[in-house]
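Notes for the one structure printed next.
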Ligand code: PLP
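Residue numbers (the numbering used here): 1273 to 1673.
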């Protein structure tokens, strides 16, 4: 396992990162603060703010409803952004897929559970639910199970197995648990607490060619390359606001090959055109910045933090305690590190860290019941974060040991 060392990060990407960081007004405007909560929501680059301003001052109208220029331009924006999402997700056969805009990952997952899943499942089918992942990727499936039970259709929920040592899915145990009636698998690309890449490319082998795989990519889109062609999944769901776009934007990408076509029901009304304009600009910005380099940068910072924490007795890292190198074939840690002080409660630790300028997330992180319950603090990174911020954080954490 070759570690992504901080010096390599610094030497190879330092200038690239400095130029990108300079494009985030909220970051450069507050040099005394370090924003370490990007898994909750990400900051926006100037290009996204400008795209919103341009749209609202030069072409704001409703989409698919008018015959004048602004309305037509808005319709084009919406259709163009659908294609943008498809391309961003590495879809090499967009004619076989659909993109549906949502207000975020939660609504995306609920829409699949409410409008698609009931028409797909039959009495006696099984669904795999990742019950140590984010609640947004658990509750919709349990709700669908309850709704179907009310209609006399019994669906069995199979808990996704996890490896205790790393927090990764246990793909071998999943293969043993999955049978011919396992027709739907909900999974997460990057775990929002453990920070691990969940090796979802192994799911298809574990569950067979016919099961539908639904991927919650809330913590991966914009952080690392996401390729639906390589992952062989059927749904990808993400939040725009975690991918540098405005809150209230997000999308479901649906492959449309296994099971009925995904066509959310009901009158959906006016789309969030401003959010869609921001999403197009965010995806353009991310692609120009280079998502692979963003991954190398944030994984490098996370490795530096995990390695530093291993020297501090007072702390433990949730999930895998190792830095998990970016080119590991075992598992990769992305830009999320969740730590616990053995004696200081997470809310108190968050409060103390903020007194030093660090904005982190404390509490149970909306994790499902199978997750670890005791309070911890999550540090989550994006391209604007720096080696200096990590080193400063480590020295403050050391002073609290
Ligand atoms: N899934 C994961 C893995 C998340 O981390 C989050 C939010 O933190 C969500 C889903 C829900 O996203 P949103 O609140 O944007 O709908």
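Using N, Cα and C, we set each Cβ at its ideal position, and we do this for glycine too. Remember, predicted model here, so these are calculated numbers, not experimental data.
query: Which value, in whole angstroms, describes the spacing of the CA atoms of residue 1607 and residue 1338?; result: 44 Å
query: In whole angstroms, what is the alpha-carbon distance linking residue 1435 and residue 1343?; result: 51 Å
query: Between the C-alpha atoms of residue 1437 and residue 1609, what's the straight-line distance to the nearest angstrom?; result: 15 Å
query: Can the beta-carbon of residue 1656 be found closer than 8 Å to that of residue 1293?; result: yes
query: On the three-pair Cβ rule with 8 Å, is the region 1476–1486 touching the region 1345–1357?; result: no
query: Residue 1408 and residue 1385 - do their beta-carbons sit closer together than 8 Å?; result: no
query: DSSP state of residue 1599, grouped into three classes?; result: Because the pLDDT at residue 1599 is just 49, under 50, the model does not fix this residue reliably, and the point stays unresolved.
query: With a Cβ-Cβ cutoff of 8 Å, do residue 1740 and residue 1493 count as a contact?; result: No statement about residue 1740 is possible, as the shown extent of the chain runs from 1273 to 1673 and does not include it.
query: Could you tell me which of 1552, 1487, 1553, 1511 sits nearest to residue 1526, measuring between CA atoms?; result: 1487
query: Can you name the start and end residues of the alpha helix (DSSP H) that residue 1303 belongs to?; result: Neither: residue 1303 is in no alpha helix (DSSP H) and is coded neither H nor E.
query: Please list, in chain order, all residues of the same chain as residue 1496 whose beta carbon is under 7 Å from its beta carbon, the five residues on each side excluded.; result: 1563, 1567, 1606
query: Checking 8 Å against the spacing of the C-beta atoms, do residue 1431 and residue 1469 come in under that value?; result: no
query: Classify residue 1639: buried if its beta carbon has 16 or more other beta carbons within 10 angstroms, exposed otherwise.; result: buried
query: Pick out whichever of 1383, 1659, 1365, 1559 has its Cα sitting closest to the Cα of residue 1509.; result: 1383
query: Is the beta carbon of residue 1315 within less than 7 Å of some heavy atom of the ligand PLP?; result: no
query: If you measure between the beta carbons of residue 1393 and residue 1455, is that distance less than 8 Å?; result: yes
query: Would residue 1458 and residue 1472 qualify as a contact pair, given that the criterion is a beta-carbon distance under 8 Å?; result: no
query: Does the beta-carbon distance from residue 1320 to residue 1550 come in below 8 Å?; result: yes
query: According to DSSP, is residue 1463 helix, strand or coil?; result: coil
query: Just to check my reading of the structure: residue 1362 and residue 1502 have Cβ atoms closer than 8 Å, yes? What is that Cβ distance to the nearest angstrom?; result: 7 Å
query: Where do the N-terminal and C-terminal ends of the beta strand (DSSP E) with residue 1523 fall, by residue?; result: 1522–1526
query: Give a single yes or no on whether residue 1511 has its beta carbon closer than 7 Å to a heavy atom of the ligand PLP.; result: yes
query: Rounded to whole angstroms, what is the Cα-Cα separation between residue 1535 and residue 1414?; result: 21 Å
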